[in-house]
Amino acid sequence: MRPLPIGLNATAAAVTLVGLSLTGLGAVPGPASAETTTVPDHLPLRETPPDTVELGHMLYNDLNISADRNTGCVTCHAHSAGFADPRSDADPKGMPVSPGSLPGKYGTRNAQTSAYATFSPPFHWSEADGSYVGGQFWDGRADSLADQAVGPPLNPLEMAMADKKAVLSRLAENPVYLEAFRRLYGVDLKWNQIDLVYPKFGLAIAAFEPTDEFAEFNSKYDLYVAGQAELTEQEKLGLDLFNGKAMCANCHISKPPENYPYALFTDFTYDNLGLPVNPRIAELQGVDELPPDLGLGGRPDIAAEHPDGSQEGKFKVSTLRNIELTAPYGHNGVFATLEQIVHFYNTRDTLGEVPDASDPASA
53 MRPLPIGLNA TAAAVTLVGL SLTGLGAVPG PASAETTTVP DHLPLRETPP
103 DTVELGHMLY NDLNISADRN TGCVTCHAHS AGFADPRSDA DPKGMPVSPG
153 SLPGKYGTRN AQTSAYATFS PPFHWSEADG SYVGGQFWDG RADSLADQAV
203 GPPLNPLEMA MADKKAVLSR LAENPVYLEA FRRLYGVDLK WNQIDLVYPK
253 FGLAIAAFEP TDEFAEFNSK YDLYVAGQAE LTEQEKLGLD LFNGKAMCAN
303 CHISKPPENY PYALFTDFTY DNLGLPVNPR IAELQGVDEL PPDLGLGGRP
353 DIAAEHPDGS QEGKFKVSTL RNIELTAPYG HNGVFATLEQ IVHFYNTRDT
403 LGEVPDASDP ASA
């Protein structure tokens, strides 16, 4: 586990900084100065043909590509909740993971925001960071946005479609999709070459997700960096803590990279924070307990590469942008509020371990 700060008090200012100053959904301000930090070279594609973007927009918002025609990408990654799940944001303690399309089915991890995901580089090992970097999902198992998009329809706990053919059959019910896939990708949704056609579904959604809708840089912090706004005294204190003693900026980088004018507030690496188990997830699944979630180390390929277990319990560092809108926090949604997760960061190494979040000592 990465060392955490010890004994910080009065960190509500840091909470104010990340909770309020980083939230912004609307017009983008003028360019900010590009100060130095290390961030991947990968930048979002901006010159996607409009027709492809529109197809991706339709697919992202389509609820029919799920078993009960009630769940789409937008269900768990909505603009109103910073592209996380608005149901979890409304009830972060009771609903730390997303309900699936089928009754009684729930995910096992908190829905990550899909905002700013386009900036994540392909999954790789970084000698400089001494860590894996990039990819999509909490464990980086998808290299790209297109790879990520094709997974949820087939996940029995999410959209729960029987197989790829079933997804394509649903798409083929819509004549607009039939024409768009023929014209844009040269394939027919009714073809039997499933493995040729199905990836085009992911490519279309991946064309939509790099648009400005998913990467807005209009928060108060962006205006501050651009010299267009002033922080309050509490926010300045929070920024000082964030960049200094609290060590938040070690992973959630607050300075724009050299090749982009806006800070991304993540280095896309993986860490084991030692989060307590969230028993609510097992309760939603209707079982007494679930196996430990090994995160990155639970991937067979990573486990084979690191048989010493050094990657177990590691999860991807999330962006803090729009953090006030994306409760709960942690890969298992164990923290319902920003105050709770900041308290955990401050006291993890001083108050000792607890078996799970139901232990009174975890409060």
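The numbering of the sequence shown is our numbering, which starts it at 53 and goes up by one.
Idealized CB from N, CA, C, for every residue including glycine.
Everything numeric in this text was worked out from a predicted model, so none of it was measured.
In this structure, Ala232 keeps its C-beta atom at 8 angstroms or more from the C-beta atom of Lys157. Here the region 213-225 makes no contact with the region 187-194; the two share fewer than three CB pairs at distances below 8 angstroms. Lys368 and Gly349 have their alpha carbons spaced roughly 12 angstroms apart.
Checking the DSSP bridge columns, you'll see Val339 has no partner listed.
In this structure, DSSP gives Ser166 a state outside helix and strand, which the three-state scheme calls coil. Check the Cα spacing between His383 and each of Leu291, Lys145 and Gly347: the tightest is with Gly347. Only residues of its own chain outside the window of five on either side were considered, and among them Thr321 and Tyr322 have a CB closer than 6 angstroms to the CB of Ser183, listed in chain order. Only residues of its own chain outside the window of five on either side were considered, and among them Tyr276 have a CB closer than 6 angstroms to the CB of Leu283, listed in chain order. For the options Leu372, Pro344 and Leu107, the alpha carbon positioned closest to that of Lys366 is the one of Pro344. For His395, the uninterrupted alpha helix (DSSP H) segment begins and ends at Leu390 to Leu403.
Non-local C-beta neighbours of Gln363 in its own chain, meaning closer than 6 angstroms and more than five positions away in sequence, comprise Leu348, Gly349 and Ile354, ordered along the chain. The criterion of a C-beta distance shorter than 8 angstroms is not satisfied by Cys128 and Tyr112.
Counting C-beta pairs closer than 8 angstroms gives fewer than three between the region 264-278 and the region 232-248, which falls short of the contact rule.
Taking 8 angstroms as the cut-off, the Cβ atoms of Phe294 and Arg373 do not count as close.
Thr165 is not a Cβ neighbour of Leu209, given a cutoff of 8 angstroms.
Residue environment for Asn244: exposed (fewer than 16 other C-beta atoms within 10 angstroms of its C-beta).
Contact between Thr104 and Ala259 holds, with the beta-carbon distance rounding to 4 angstroms and staying under 8 angstroms.
In the three-state reduction of the DSSP assignment, Asp181 falls in the coil class, being assigned neither a helical nor a strand state.
When the alpha-carbon of Met110 is set against those of Ser153, Thr75, Gly146 and Glu261, the nearest one is in Glu261. In this structure, Pro380 lies near Pro148, with their beta-carbon atoms less than 8 angstroms apart. Under the Cβ criterion (8 angstroms, minimum of three pairs), the region 193-200 counts as touching the region 166-175.
Between Asp319 and Val386, the alpha-carbon positions lie close to 22 angstroms from each other. Exclusion of the five residues before and after Ile393 leaves Tyr381, Gly382 and Phe387 as the residues of its chain whose Cβ lies within less than 7 angstroms of its Cβ. Of all alpha-carbon atoms in Lys297, Ala315, Leu255 and Ala334, the one lying nearest the alpha-carbon of His304 is that of Ala315. For Asp141, the uninterrupted alpha helix (DSSP H) run begins and ends at Pro138 to Ala142, by DSSP. Taking Ala281 as the centre and dropping the five residues before and after it, the same chain places the C-beta of Lys272 and Leu275 closer than 6 angstroms to its C-beta, in chain order.
Taking Thr399 as reference, the option from Glu335, Asn302, Asn162 and Pro328 with the minimal CA-CA separation is Pro328. Here the C-alpha atom of Ala334 lies approximately 32 angstroms from the C-alpha atom of Pro174. Non-local C-beta neighbours of Glu341 in its own chain, meaning closer than 6 angstroms and more than five positions away in sequence, comprise Ala334, ordered along the chain. Each residue's CA atom was taken as its position, placing Val228 and Val249 some 16 angstroms apart.
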